[in-house]
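Q: Sharing a structure with you now.
In full-length UniProt numbering, the protein residues as written are 1 to 229.
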């Protein structure tokens, strides 16, 4: 039964109807509705999941991991080629950080170590980040012993670099003061005009009321004078 349902869903995918596929569960017991097969809408991808989330990815193709030192990875590849300022590199699914972006000084002895000394092999995945630019991508290590050069970087490098710049600009806009000085002045002027209009209306109303009271008082005085005469 399960195999048959899988085949039906495979047909939907082949026909370009993957959006109509559902999560199907087969129960050992009959439900209250008299069914043993139930279907529900599939869950949305988890943003923090490495497989589900969409991340920028590049591939570092090298002849051998013992030819790539940490200094070469940090300076030549990450900083010079990929325009990172303070690269931080950790091995995917491990807590080990092989390059710490917070270290200002380079330990020459440590950075002369090669990737093979950190058990880096074909298929190893690095998580590269630069918090100074809000810059993060995945770098997969691939080994090809027949490669002419010591290493090559595969993937859309320009897209990765440009996305980091756009992220930096967006964060800068969010943290920048609202609008420019001229726009702020315009807003203040607008606010002043509004309050000034209200003030003038209020003064005109008071002046009209005052004139009305004076005219009433003058009329009362004339009546009193006539009575005296």
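Beta carbons are placed, not taken as given, at the ideal position from N, Cα and C, and that holds for glycine.
Here the structure is a predicted model, which is why all the values come from computation and not from measurement.
Just grab the DSSP bridge partners of residue 127 for me.
A: Within the chain shown, the letter at position 127 stands for residue 127. According to DSSP, residue 127 bridges with 90 and 138.
Q: Measure the alpha-carbon distance for residue 164 versus residue 106 and round it to whole angstroms.
A: If you number the chain shown from 1, residue 164 lands on position 164. If you number the chain shown from 1, residue 106 lands on position 106. For residue 164 and residue 106, the distance between alpha carbons rounds to 25 Å.
Q: Quick one: Cα of residue 125 to Cα of residue 30, how far?
A: Taking the first residue of the chain shown as 1, we reach residue 125 at position 125. Taking the first residue of the chain shown as 1, we reach residue 30 at position 30. Answer to the nearest angstrom: the Cα atoms are 46 Å apart.
Q: Tell me, please, which residues DSSP counts as bridged to residue 62.
A: The residue you call residue 62 lines up with position 62 of the chain shown. According to DSSP, residue 62 bridges with 143 and 151.
Q: Can you tell me whether DSSP reads residue 157 as helix, strand or coil?
A: Taking the chain shown and counting its residues from 1, the one referred to as residue 157 is at position 157. Three-state result, residue 157: helix.
Q: Helix or strand or just coil, what does DSSP make of residue 190?
A: Taking the chain shown and counting its residues from 1, one reaches residue 190 at position 190. Reliability of the predicted coordinates at residue 190 is poor, the pLDDT of 45 falling under 50, and the value obtained from them is presented with this limitation in mind. Residue 190 falls in the helix class under three-state DSSP.
Q: Which one of 110, 22 and 131 has the shortest CA to CA distance from residue 73?
A: As a position in the chain shown, residue 73 is number 73, starting the count at 1. It is 110 whose Cα lies nearest to the Cα of residue 73.
Q: Is it buried or exposed, residue 87, if we count other Cβ atoms within 10 angstroms and call 16 or more buried?
A: As a first step, residue 87 is located in the chain shown; it is residue number 87 there, counting from the start. When all chains shown are included, residue 87 counts as buried.
Q: Here's the rule I'm using: 16 or more other beta-carbon atoms within 10 Å means buried, otherwise exposed. How should residue 103 be labelled?
A: Along the chain shown, one-based indexing puts residue 103 at 103. It is exposed - the Cβ of residue 103 has fewer than 16 other Cβ atoms within 10 Å.
Q: Using the DSSP secondary-structure output, state which residues sit across from residue 26 in a beta bridge.
A: On the chain shown, residue 26 is found 26 positions in, with the first residue counted as 1. For residue 26, which the question treats as bridged, DSSP gives the partners 37.
Q: Spell out a yes or no on whether the segment 111 to 121 and the segment 153 to 160 are touching, meaning 3 or more CB-CB pairs, one atom from each, closer than 8 Å.
A: No, the segment 111 to 121 is not in contact with the segment 153 to 160.
Q: Who pairs with residue 57 in a beta bridge, going by DSSP?
A: Residue numbering aside, residue 57 sits at position 57 when the chain shown is read from its first letter. Paired residue(s): 138.
Q: How far does the alpha helix (DSSP H) with residue 13 in it extend, from its first residue to its last?
A: Taking the first residue of the chain shown as position 1, residue 13 is located at position 13. Start and end: 2 to 14.
Q: Identify whether residue 97 lies in helix, strand or coil by the three-state DSSP scheme.
A: Position 97 of the chain shown, counting from 1, holds the residue named residue 97. Three-state result, residue 97: strand.
Q: For residue 94, collect the residues of the same chain with a Cβ closer than 6 Å to its Cβ; drop the 5 residues on either side in sequence, then sort them by chain order.
A: The residue labelled residue 94 in the question sits at position 94 within the chain shown. Cβ within range, chain order: n/a, list empty.
Q: Going by the beta-carbon positions, is the gap between residue 143 and residue 44 smaller than 9 Å?
A: Locating residue 143 in the chain shown gives position 143, where the first residue counts as 1. Locating residue 44 in the chain shown gives position 44, where the first residue counts as 1. Contact flag unset, no.
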